[in-house]
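Residue numbers (my numbering): 73 to 275.
Backbone N, C-alpha and C fix where the C-beta goes; we use that ideal spot for every residue, glycine too.
Working notes, structure below.
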């Protein structure tokens, strides 16, 4: 978005993450938190909360605060992890308070003074793999909980998860991602998935 000319500001409490953002080319980085005191009211056009809300204990209060900081008709784009059914030690380790359903997000949005412009689940193709592998294998004792893994085991799993896919698996994933992206661009609904996407507008 920055490369396309949008003025972007990253607010991030972790110093290490801020250093990484600067390294990756983000021009304006604030090392701190988004609080009532440090942001002027009605001073922001848009806010991106990309996998942020699940880390905040009082999510309803946080959305109400953002509502005060946005200009009229200002928008929020939110992504959050979906379905408590998919909860695993990965969520505990990441510091998540919850996973959401669309109905919960809609309720939070309306109580905070927002209208919902668009909402959907996404990563439909990851739902079963997460349920069967991450959740199922943990519960059966076939996969160690994250806090029980050695540093070497964590490193191997991370490498496997984030390595670039090749061959047929890469082609399949690209096709599935494109199908979802096309549906989202047309504002169509995806029935379920491992995450939620929601666009809100200040009334």
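Judged by beta-carbon spacing, residue 269 lies beyond the 7 angstroms limit of residue 179, meaning their Cβ atoms are not closer than that value. In the three-state DSSP reduction, residue 146 falls in the strand class (E or B).
Boundaries for residue 198: no beta strand (DSSP E) harbours it, and the DSSP string shows neither H nor E there.
Uninterrupted alpha helix (DSSP H) stretches at least 4 residues long and entirely within the segment 99-179 occur at 131-141, 161-166, given in chain order. When DSSP reads this structure, residue 253 sits in no beta bridge, so it has no partner. Pairing residue 238 with residue 245, the inter-Cα distance amounts to about 10 angstroms. When secondary structure is reduced to three states using DSSP, residue 268 falls in the strand class. Between residue 146 and the set 120, 124, 128, the nearest pair of CA atoms involves 120.
Residue state for residue 259 is assigned as coil, using DSSP reduced to three classes. Within the model, the alpha-carbon separation for residue 165 versus residue 127 is close to 11 angstroms.
For residue 112, the closest C-alpha among the options 141, 253, 190, 271 is that of 141. Cβ-Cβ distances below 6 angstroms link residue 137 to 108 in the same chain, with the five nearest sequence neighbours on each side left out; the list follows chain order.
The three-state secondary structure of residue 87, taken from DSSP, is helix.
In the assembly as shown, residue 114 is an exposed residue. Its beta-carbon has fewer than 16 other beta-carbons within 10 Å.
Rounded to whole angstroms, the Cβ separation of residue 160 and residue 206 is 5 angstroms, and the two are in contact under 8 angstroms. Closest option to residue 150, judged by alpha-carbon separation, among 162, 196, 176, 163: 176.
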